[in-house]
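Be aware that the sequence shown starts at 585, since it is given in my numbering, and climbs by one per residue. Backbone N, C-alpha and C define an ideal beta-carbon position, used for all residues, glycine too. It should be emphasised that the depicted structure is a prediction, and the values quoted were computed from it without experimental measurement. Here is the structure we will look at.
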Amino acid sequence: MLTDSADLEPTPPEQQIWHSLNFVTYWLCDAIAPGNLRLGSSIVTLGLSWQTAIGIITLGHFLVSLAITANGIVGARLHIPYTIQSRASFGFFFSFVVVFIRMLVGLFWYGINTYNGALCVRAVLLAIWPSFANVPNHLPESANITTQMMTSYIIYFLVVSPFHYIHPRKLKWFFNMKVLLCLPAIFGMLGWACNETGGGLHTTLLERGNTISGSKYGWAFMSALNSMLGNYGTMAVNINDFARYSRKTRSVFVQIIIIPLAFAMMAFWGVIIAGAATDLYGEEIWDPLTVLSHWTGSPKARAGAAFCGLAFALAQLGTNLSANCISAANDLNAMFPRYINLRRGSYVVAFIGAWALTPWNILASASALLNFMDGYTIWLAPITGVLLCDYWIVQRQSYVVPELYQPDARYRYNRFGTNWRALAAWCISWIPLTPGFAHAVSSSNTVTSGALHLYYLSYLFGLVTSAVLYVSLSSVWPPPRVRKSAADAAGV
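As structure tokens, then:
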């Protein structure tokens, strides 16, 4: 059987323990991370003001929160994970393809975020023992990592490994703890920024306006908005890996408020901290860990750097668990249910992502691969469009859950186990985006301005196009069960 795993079954009532507050702390946990303090940096470098950047971040996360919430209702009602939900939309067997696509994203970013967590550990070690900076390097240059950094990496991995054993439904206490410990670190850096610059709101960075206008402004705006939509476009696909633990359907609605609010706040705080650091140190600094590296003047400053670095390491762990590890573990569980449950899957993800992929090599010499993964949402956005329209429009909010677990039942669709309507809508939606995507991966790939501009709209284009195509194809050639339901409703 392809469904022989308790972790794939609908969440039983006694395990439906998430409430609205848990979704609030879940998203605060995801938002409170060093990388989100840098959200505004990529937008400002396009020539847009910080005010425009905050507006784009808020709008982008609000729009993606609508998709996350609409899809999350499925999990909150039926208590099934993404891996099972996708069978209804794409067919029992083709669903493994879209599950595999999401799993690759989780594995890749798990490794990258583990390396970022090691950078936080390194900041802590340098603050406590400044002599750590003088540790001799015994690794060859070709290793793309130093002895100092490898030591930090191993320490981080060993410390966070036990957390992978915690079942996802029980992680809500960890999310609460992370918020309580990490917010003081953020507020501490904000206090430092305001104290050093007389309030923090009159720095050179904050007084800078838009440096572009006209069509350049418009396309820069859309490119930045597309980036923000893709920032959590993955969660729009697999939010039900967590929403399945919700006790009440309405609990997921709070995400529409907390997602844009949390990420906009983090971005705004990041602008204040970056503005203070830029004026104080004479260079534009967006990375909070780089700011901490300047806190060496006194024992108190070093203690502050150590505390913030420790909080950021915890923040990185929380984000990695919620956004990457658990989702990829669910995907592995679906593909190998007899051998891998969620706990085993978490450790498989940890070892593959952190060690087999060697993220330090990717960061050092694989810029094309990084760009490739940044643009991965051209495949994920159409998946989201199909998932949403299948449940809300085509299937009329009616899934027969037991048949989602039966390879030969209604969700097989045909002998190939594929819903060809979903497959066609998915493929047609991302194929036009590939020229712009190729240019994003490597600027040596020349494309027309039209192809590039279309890529700037890739998330919205992929989601809307797949949704329209899927509904249209399902209307003209409705699946057998939809035809039967319509006939029953008409009394035939």
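Assigned exposure category for residue i - 16 Cβ within 10 Å defines buried
i: Tyr865; result: exposed
i: Tyr829; result: buried
i: Val984; result: exposed
i: Gln839; result: buried
i: Gln981; result: exposed
i: Pro768; result: exposed
i: Tyr1054; result: buried
i: His663; result: buried
i: Tyr995; result: buried
i: His722; result: exposed
i: Gly782; result: exposed
i: Ala590; result: exposed
i: Arg686; result: buried
i: Lys800; result: exposed
i: Cys1011; result: exposed
i: Ile738; result: exposed
i: Ala918; result: buried
i: Asn1029; result: exposed
i: Thr1032; result: exposed
i: Phe1021; result: buried
i: Asp958; result: exposed
i: Thr880; result: exposed
i: Ser949; result: exposed
i: Asp614; result: buried
i: Thr1049; result: buried
i: Gly802; result: exposed
Cβ-based neighbour list, residue i, same chain, cut-off 6 Å, excluding 5 preceding and 5 following
i: Ala660; result: Ala827, Ser830, Thr833, Val836
i: Gly675; result: Tyr997, Gly1001, Thr1002, Asn1003
i: Pro752; result: Ile910
i: Ser1026; result: Ala952
i: Ala897; result: Gly701, Cys704, Val705
i: Thr609; result: Phe759, Asn760, Val763
i: Gly644; result: Leu809, Met812, Leu813
i: Pro943; result: Gly695, Ile696, Tyr699
Residue i vs residue j beta-carbon contact at 8 Å
i: Cys766; j: Ala952; result: no
i: Asn700; j: Gly619; result: yes
i: Tyr534; j: Arg927; result: In this structure the chain extends from 585 to 1076, so residue 534 is not present and cannot be described.
i: Asn606; j: Thr903; result: no
i: Ser877; j: Ala702; result: no
i: Ile652; j: Ile823; result: yes
i: Leu789; j: Thr731; result: no
i: Ala637; j: Ala851; result: yes
i: Gly854; j: Leu621; result: yes
i: Ile946; j: Trp611; result: no
i: Ile641; j: Ala848; result: yes
i: Arg671; j: Leu988; result: yes
i: Gly1046; j: Gly969; result: yes
i: Met806; j: Tyr1040; result: yes
i: Pro1064; j: Trp1014; result: no
i: Ala791; j: Ala860; result: It should be noted that the sequence gives Glu, not Ala, for residue 791. No, the Cβ-Cβ distance between Glu791 and Ala860 is not below 8 Å.
i: Gly784; j: Ile856; result: yes
i: Thr667; j: Asn914; result: yes
i: Ser633; j: Gly798; result: no
i: Val744; j: Leu901; result: yes
i: His1023; j: Leu1036; result: yes
i: Ser625; j: Trp870; result: yes
i: Gln669; j: Val658; result: yes
Same chain, Cβ closer than 7 Å to residue i, five either side skipped, listed in chain order
i: Ile1092; result: What the structure shows of the chain is the stretch from 585 to 1076, and residue 1092 is not part of that stretch, so it cannot be assessed.
i: Phe567; result: The structure shown does not extend to residue 567, since the chain is modelled only from 585 through 1076, so no value can be given for it.
i: Val932; result: Leu916, Ile924
i: Arg1005; result: Tyr1054, Leu1057, Ser1058, Trp1061
i: Ala820; result: Val648, Ala651, Ile652, Asn655, Thr968
i: Ala1051; result: Gly969, Leu972, Cys973
i: Phe956; result: Val1025
Rounded Cβ spacing between residue i and residue j (contact assumed at less than 8 Å)
i: Phe747; j: Leu941; result: The Cβ separation is near 20 Å, so there is no contact.
i: Gly772; j: Gly888; result: 6 Å
i: Tyr960; j: Asn810; result: About 13 Å; that fails the 8 Å criterion.
i: Lys938; j: Cys909; result: Reading the sequence as shown, one finds Ala at residue 938 and not Lys. At roughly 10 Å, the Cβ-Cβ gap does not stay under 8 Å, so Ala938 and Cys909 are not in contact.
i: Leu905; j: Leu755; result: 7 Å
Same chain, Cβ closer than 8 Å to residue i, neighbours up to 5 away in sequence not counted
i: Ala654; result: Leu972, Trp976
i: Val681; result: Phe674
i: Leu1017; result: Ile962, Leu1038, Tyr1039, Ser1042, Phe1045, Gly1046
i: Arg886; result: Ala711, Ile712, Pro714, Trp879, Thr880
Any chain B beta carbon closer than 8 Å to residue i
i: Ser670; result: You won't find chain B in this structure, because it holds only one protein chain.
Practice task
Note down, one range per segment and in chain order, each alpha helix (DSSP H) of at least 4 residues found wholly within the stretch 999-1054.
Solution key: 1004-1014, 1018-1025, 1033-1040
Exercise for the section: Ignoring anything shorter than 4 residues or poking outside the stretch 843-876, list the alpha helix (DSSP H) runs there in chain order. Expected result: 872-876
Problem - Whole alpha helix (DSSP H) elements within the stretch 880-968, 4-residue minimum - result: Counting only runs of 4 or more, we get 883-904, 910-919, 926-935, 943-949, 951-958.
Problem - Continuous beta strand (DSSP E) assignments of at least 3 residues falling wholly in the stretch 586-624 - result: none
Exercise for the section: Only counting runs of 4 or more residues, tell me where the alpha helix (DSSP H) segments fall wholly within the stretch 967-996, in order along the chain. Expected result: none
Exercise for the section: Jot down the residue ranges of each uninterrupted alpha helix (DSSP H) in the stretch 769-851, minimum 4 residues, whole runs only, in chain order. Expected result: 788-791, 798-815, 817-822, 824-827
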